[in-house]
Each structure stands twice: as C-alpha cells, then as structure tokens.
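Peer 1: Quick one: the structure is below, and I'll ask about it shortly.
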Amino acid sequence: MKILVTGAKGFIGKHLVLHLSRRGYEVFEFDKDNTSEELEKFVNCANFIVHLAGINRPLTNEEFYDGNTNFTKKLVDLIKANKRDIPVIFSSSTQASLDNDYGKSKKMAEDYLLSSGLPVYVYRLCNAFGKWCRPNYNSACATFCYNIAHGLDIFVRDPNYVVSFNFVEDIVDEFIKVIEDKQHKGSKDILSVKPIYECSLGKLSELLYYFKKEIESERHLPIIHDEFELKLFKTFCDYLSDEGYSFNYAEDNRGSFEELYKSKKWGQISDNVSFPGITKGGHYHKYKKEIFYTVIGQCEIIQRKVGDDKLEIANVSGEKPNPIPIKVGYTHQITNIGKCNSHTLMWISEIYNPETHDTYKEDVIK
Numbered sequence: 018m019k020i021l022v023t024g025a026k027g028f029i030g031k032h033l034v035l036h037l038s039r040r041g042y043e044v045f046e047f048d049k050d051n052t053s054e055e056l057e058k059f060v061n062c063a064n065f066i067v068h069l070a071g072i073n074r075p076l077t078n079e080e081f082y083d084g085n086t087n088f089t090k091k092l093v094d095l096i097k098a099n100k101r102d103i104p105v106i107f108s109s110s111t112q113a114s115l116d117n118d119y120g121k122s123k124k125m126a127e128d129y130l131l132s133s134g135l136p137v138y139v140y141r142l143c144n145a146f147g148k149w150c151r152p153n154y155n156s157a158c159a160t161f162c163y164n165i166a167h168g169l170d171i172f173v174r175d176p177n178y179v180v181s182f183n184f185v186e187d188i189v190d191e192f193i194k195v196i197e198d199k200q201h202k203g204s205k206d207i208l209s210v211k212p213i214y215e216c217s218l219g220k221l222s223e224l225l226y227y228f229k230k231e232i233e234s235e236r237h238l239p240i241i242h243d244e245f246e247l248k249l250f251k252t253f254c255d256y257l258s259d260e261g262y263s264f265n266y267a268e269d270n271r272g273s274f275e276e277l278y279k280s281k282k283w284g285q286i287s288d289n290v291s292f293p294g295i296t297k298g299g300h301y302h303k304y305k306k307e308i309f310y311t312v313i314g315q316c317e318i319i320q321r322k323v324g325d326d327k328l329e330i331a332n333v334s335g336e337k338p339n340p341i342p343i344k345v346g347y348t349h350q351i352t353n354i355g356k357c358n359s360h361t362l363m364w365i366s367e368i369y370n371p372e373t374h375d376t377y378k379e380d381v382i383k
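Quick note on numbering: the sequence shown equals residues 18 to 383 in the working numbering.
Laid out in structure tokens, this is it:
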C-alpha cells in the first residue's frame, strides 16, 4: 500500500512515517517545502492519505484558515478532480469545539471532509506528547521536559489546571489500525484516540522533577505507578539525552527493546517489552551492575551465580513496585508470566559498547 502523509515533518508525522516505513509501506512525505505539483502526483499514486498538516502558531489569524481550512479543501478537491476515492484520516483538535480562530478553522476543515463523500476518519486529538516534540512552541509537556532536563526554570500559572493528553505512540497505533482494517468505509462520527490522560500542570511538573532526581540518585529508576507515568518518563528521557549518542530500537517476535537514556555518569536506561510467555536473557556481567524494574505486567526474574546451582527467583508485578538488582557474576533471565505485554525498565551502570560488552552467554537453568 502507498500512503501519503501530509505534515510528514511535524511531531506526529515523523513518528507515523517511521512506523509505516518499518511495516514496509511506501510513504509519500508531503510538507511545507513541497510543491502543489508534488501533492497532485502523490494524490494520484496513494491508496490512503493521513492528513496531519496544519497551522497552530501563525503570525496572523488568517493563516489559521489558510493552513487548516483552505489546504484541506485543496486536498479534497484534488482527490475529486482526479477521480480518486481515497480514504483519509484527518488529525483535528479538541479545540474544534471552541470559539477561537484555530478551533473554527479546524471545525470548517472537519465539515468539508465529512461532506465530501470520501471515506474519512476525523480524529479530534488532545495535547499530544512524546519524544521529538518541540519545546517552547505549543506543548507545555515538551517545554517542561526540556527546561527541567536542562536545569531551566518553568512557569506554572495555575498548578490545578487539568490538561488532557494523548501519547504520540497511541495516536500512531490508532491510525495504523485504521489503515490496516482494509474495509475503509469511513465514519460520520468525530473520533478520538484512547486512552486520554488527565493531568494537572502542577502534577506534571512534580513528576518531571521527580524523574530527574531519581535518575541522578543511587536508585536510578523512579517508581512508576501507571501507564501515563511510564509514557511521560520515556518522553522525559528523550530531553535528557543531549550528549550526541544514538539510541537503538529492536523489535522481533519476542517483543521489543528500546534505549531511552544514556549518560557517561549515570549509565543507560532501556524499556524491555516482552510478549506473554517470552523469556529473555541468559547471560552475565563481570563488572556491570543492573536493575530490573517491571512497571507493567507480571514477570519472573531468575538469577544464578556462575559456578553455583542455586536459583534466586523473584516474581514481580507492575502493581507492586519492586526493583530487582541483578548481581555481578550472576547469569540471569526475565520471563513474562502474565497475560499482557510486560514493560520492564532496565538500568545498567555503563553505556553499551560492543568493544567492551562485558556480556557472556550462559543458561540460567542448566
């Protein structure tokens, strides 16, 4: 399938393009530096359109209507003029229900799409957060993350003001689910991405200051209480990572492994996702220290001192925080013993270096 993504270089667009490309889709990336001729070419080739392009911080109010309403009309008219019946996902905003120029321009774009006769899916998104979001622009979460990570002050006008949030990975997952549904009948309803997280600005800033303090303590891993805090922690780590390191992500039939944070002083933090029944590990380190902290799901962690037969077994759960230190010289493994995917934050005392990997294979259970 060939997919056109407008606003491909934006915050959500970068995530969506990456995930679509990983799945083997051919992606046409359209952004403000592309031409109208390129847009028409992409429309003629695409089997699906995800329309993310829009204006949210213009110099004049007229730019809201030009970038949100008029560009959407131009896109729909191109589709019709070329006699294409292409499904379209449109990223609108919860502000479309408000009486401001941004909201009104988004509402007009929604109405034009819904009356177009095309199979469309209109999503009103909440405040999106996640890695790669631009700070000091239009996201309080990104600004708080960046400033706190870099030791800068933040200003909270009303600590009790509650904001609704969507995590960018949840948005991408929802859009890909629609793309891969194959029926593409569209919807006349205004849609939303679940889950929606509610958090006050005061609580948001408290969590971010807490994350930084814990990373720089001897514990290294903060206590995570729910999925929102995990997603916020993963977001915050991206703003801490400013030392020029590259970050790896691996995915296979066992789950995934994503590096979140690297520091010569504080070590490395990663998020290990395992599918139910999957065991990972079976190695030991001669000098590196590790901590495993399961924040979602249930896992069994087994360690055995090299040269000994005694097993040390710990059953852990995201519902009962219990970080497990992995002992030096102990071969170890972790198994997802629950019914859902498990997330385990893993801290290691040194950034991985293939030349000095200090990782030696040995089965835990002989």
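Ideal Cβ positions, reconstructed from N, Cα and C, are used throughout, including at glycine.
In whole angstroms, give me the CA-to-CA distance for G346 and K229.
Peer 2: 30 Å
Peer 1: Can you tell me where the beta strand (DSSP E) with G298 in it begins and where it stops?
Peer 2: T296 to Y301
Peer 1: Strictly by DSSP, which residues pair up with G284?
Peer 2: S280
Peer 1: In or out: Y377 buried (at least 16 other Cβ within 10 Å) or exposed?
Peer 2: exposed
Peer 1: Determine, using beta carbons only, whether A330 and I319 come nearer to each other than 8 Å.
Peer 2: Here residue 330 is Ile; the residue named in the question, Ala, does not match the sequence. In this structure, I319 lies closer than 8 Å to I330 by Cβ.
Peer 1: I'd like the span of the beta strand (DSSP E) that includes S108, first residue to last.
Peer 2: V105 to S110
Peer 1: Express the C-alpha separation of W283 and E233 in angstroms, rounding to a whole number.
Peer 2: 7 Å
Peer 1: For the region 236-282, list the beta strand (DSSP E) runs that are entirely contained and at least 3 residues long, ordered along the chain.
Peer 2: 266-269 and 272-280
Peer 1: Rounded to whole angstroms, what's the CA-CA distance from S366 to H237? Just pull it up for me.
Peer 2: 9 Å
Peer 1: With a 10 Å radius around its C-beta and 16 neighbouring C-beta atoms as the bar for buried, classify P239 as buried or exposed.
Peer 2: Buried.
Peer 1: Rounding to the nearest angstrom, what Cα-Cα distance links L21 and F107 in this structure?
Peer 2: Rounded to whole angstroms, L21 and F107 show a C-alpha spacing of 12 Å.
Peer 1: Taking DSSP's pairing of strands, which residues face W364 in a bridge?
Peer 2: Bridge partners of W364 according to DSSP: I286 and I308.
Peer 1: Beta-carbon separation of C158 and N183 under 8 Å?
Peer 2: A distance of 8 Å or more separates the beta carbons of C158 and N183.
Peer 1: Using DSSP with H/G/I as helix, E/B as strand and the rest coil, what is T373?
Peer 2: helix
Peer 1: I'd like to know whether the C-beta atoms of E186 and V210 end up nearer to each other than 8 Å.
Peer 2: no
Peer 1: Between K297, K305 and C150, which lies nearest to Q285 when the distance is taken from Cα to Cα?
Peer 2: K305
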